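For reference, the structure discussed in these notes is given below.
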Amino acid sequence: MKIAVLESKINKTLFLVIAILSLGTIGYMVLSNYSFIDALYMTVITVTTVGFGELRPFSPEEKVFTIFLILTSITIFGYAVSAFSEYLVSGRLFEHFKHRKVEKKIASLKGHTIVCGYGRNGKQAILKLKNYNKDFVVVEKSKERIEILDAAGVLNISGDATLDETLLRAGIEKASYLITALPSDANNLFVVLTVSQLNKECKVISRASNESSYSKLKIAGASNVIMPDKLGGDHMASLVTTPDVIEFVDRLTIEGETTANLEEIAVDDLPEKYINKTLLDLDLRKKTGCTVIGFIDPNKEYIINPEADCVLTKGSHLIVLGRPNQIIKLRELF
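Note that the numbering used here has the sequence shown beginning at 58, numbered continuously upward.
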């Protein structure tokens, strides 16, 4: 809010400066029959009080107008110097330019991800997005956390994620995903509702702390609702009931360029010759050593361990398992 006030103050100053220059130019053109260039010249030397002489002796009317112009311009330029000094001394000049730079970067993004909240879950989210070189913007209202994000070179917006204006500044209208990891379920619900109004095509992944919030978030429009505490408890219990299975799964990773074991492939990204062909025709096992362990059809139906005659239709995805070197080879081919 403070920055917005200062911005409006600077805009007001610029408006007043332009207004006094315009008024002076028009006044000299009317009173003295000067050309536009001559009138602008007389206005500039008058408002800046440089001491140059007039183009020709003034009439009483022109002198009165010049006195008015000088007194008015002194007031306006005094206000301008005061506003700029306040902006500079307060330390917000850098913030202003940083804000403008961030706005330009966000305006160039399309299909990016917005992460609301830079807490424990938010940090994990942006780490994975970084590993996959995904474009993202973090929305955070804590000044201390904003400083950390700035130091790390992470694109961020300072503000309340529950407000429309903040999400608009983060580029919600062109975003493909939004992750809301705020500590309050109520605030996460507000974010989900806001996104459903601003961009119905944006997929929302929300954090939830309470069981009662799960259904509310889904009804509000969240595509996925994650309960970290529940997942943690389930995971610990699984270490008792099926320890070897969990240990094996824990060894699988989708992070990094050289350590991944799992990869998702969009069928639309495959060469055209494989579209509407089968997994047998694709023959990933022979080409890369990787194995297709999952298939997601265009209707988001999941098939585990699909058959070899499964058709690669447009809009579907493949989940592939392999050793890190095999995944690297897969990425090189596709």
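Ideal Cβ positions, reconstructed from N, Cα and C, are used throughout, including at glycine.
Everything numeric in this text was worked out from a predicted model, so none of it was measured.
With distances taken Cα to Cα, identify the nearest neighbour of valine 121 among Thr132, Tyr85, Ser92, Phe141.
The count along the sequence shown starts at 1 and reaches residue 121 at position 64. Cα-wise, what sits closest to valine 121 is Tyr85.
Buried or exposed: which applies to leucine 375, given that a residue is buried once 16 or more other Cβ atoms fall within 10 Å of its Cβ?
Indexing the sequence shown from 1 puts residue 375 at position 318. That one is buried.
Look at the Cβ atom of serine 130, then the Cβ atom of valine 107, and state whether they are nearer than 8 Å.
As a first step, residue 130 must be located in the sequence shown, where it is residue number 73. As a first step, residue 107 must be located in the sequence shown, where it is residue number 50. Result no, Cβ atoms of serine 130 and valine 107 do not sit closer than 8 Å.
For leucine 337 and aspartate 301, what's the separation of their Cα atoms in angstroms?
Numbered from its first residue, the sequence shown carries residue 337 at position 280. Numbered from its first residue, the sequence shown carries residue 301 at position 244. Cα-Cα distance, rounded: 31 Å.
Around the C-beta of methionine 293, are 16 or more other C-beta atoms found within 10 angstroms, so that it is buried, or is it exposed?
Residue numbering aside, residue 293 sits at position 236 when the sequence shown is read from its first letter. Classification of methionine 293: exposed, given that the 10 Å Cβ count is below 16.
Please tell me whether lysine 223 and asparagine 244 are closer than 8 Å, where the distance is taken between their beta carbons.
Working through the sequence shown from its first residue, we reach residue 223 at position 166. Working through the sequence shown from its first residue, we reach residue 244 at position 187. Per the sequence shown, residue 223 should be read as threonine rather than lysine. No, they are not a contact pair.
For threonine 348, count neighbouring C-beta atoms within 10 Å of its own C-beta (all shown protein chains included) and say buried if the count is 16 or more, exposed if not.
The sequence position of residue 348 within the sequence shown is 291, counting from 1. With fewer than 16 other Cβ atoms within 10 Å, it is exposed.
Just to confirm the assignment, what range does the beta strand (DSSP E) spanning isoleucine 353 have?
Taking the first residue of the sequence shown as 1, we reach residue 353 at position 296. Element bounds for isoleucine 353: 348-353.
Taking all protein chains shown into account, do 16 or more other C-beta atoms lie within 10 angstroms of the C-beta of glutamate 230, making it buried, or fewer, making it exposed?
Within the sequence shown, residue 230 is the residue found at index 173, counting from 1. Classification of glutamate 230: exposed, given that the 10 Å Cβ count is below 16.
Taking the alpha carbon of leucine 235 as the reference point, which residue from Leu288, Ile171, Glu204, Phe193 has its own alpha carbon closest?
Position 178 of the sequence shown, counting from 1, holds the residue named residue 235. The candidate whose alpha carbon is nearest that of leucine 235 is Ile171.
Figure out for me which residue from Asn190, Gly168, Lys161, Leu206 has the closest Cα to the Cα of lysine 180.
Reading the sequence shown from its first residue, position 123 is the one you call residue 180. Ranking the options by Cα distance to lysine 180, first place goes to Leu206.
Within 10 angstroms of the Cβ of valine 11, are there 16 or more other Cβ atoms? Answer buried if so, exposed if not.
The question about residue 11 has no answer, for the chain in this structure spans 58 to 391.
Use the C-beta contact count for threonine 237: other C-beta atoms within 10 angstroms, 16 or more gives buried, fewer gives exposed.
For this step, residue 237 is matched to residue 180 along the sequence shown. When all chains shown are included, threonine 237 counts as buried.
Provide the residue(s) that pair with threonine 335 in DSSP beta bridges, ordered along the chain.
On the sequence shown, residue 335 is found 278 positions in, with the first residue counted as 1. The partner list for threonine 335 (beta bridge, DSSP) reads Val368.
Any idea what DSSP makes of asparagine 281, helix, strand or coil?
Here residue 281 is taken as the residue at index 224 of the sequence shown, counted from 1. DSSP places asparagine 281 in strand when its eight states are reduced to three.
Taking the DSSP output, what are the residues bridged to phenylalanine 54?
Since the displayed the chain opens at 58 and closes at 391, residue 54 lies outside it and no answer follows.
Based on DSSP bridge pairs, tell me the residues matched to leucine 184.
Your numbering for residue 184 matches position 127 in the sequence shown. Answer is none; leucine 184 lacks a bridge partner.
By the DSSP assignment, the alpha helix (DSSP H) with lysine 231 in it spans what residues?
Residue numbering aside, residue 231 sits at position 174 when the sequence shown is read from its first letter. Lysine 231 -> no alpha helix (DSSP H), and no H or E assigned at all.
Report yes if the C-beta distance between tyrosine 331 and leucine 387 is below 8 Å; otherwise report no.
Reading the sequence shown from its first residue, position 274 is the one you call residue 331. Reading the sequence shown from its first residue, position 330 is the one you call residue 387. Cβ atoms of tyrosine 331 and leucine 387: not closer than 8 Å.
Take isoleucine 77 and list the residues in its own chain whose beta-carbon comes closer than 7 Å to its own, dropping the five residues that flank it on each side.
Locating residue 77 in the sequence shown gives position 20, counting from the first residue. So the qualifying residues of the chain are Val104, Thr129, Ser130, Ile133.
From glycine 289 to aspartate 326, what does the alpha carbon distance come to, in whole angstroms?
For the purposes of this step, residue 289 is identified with residue 232 of the sequence shown, where counting begins at 1. For the purposes of this step, residue 326 is identified with residue 269 of the sequence shown, where counting begins at 1. Spanning the two alpha carbons is a distance of roughly 35 Å.
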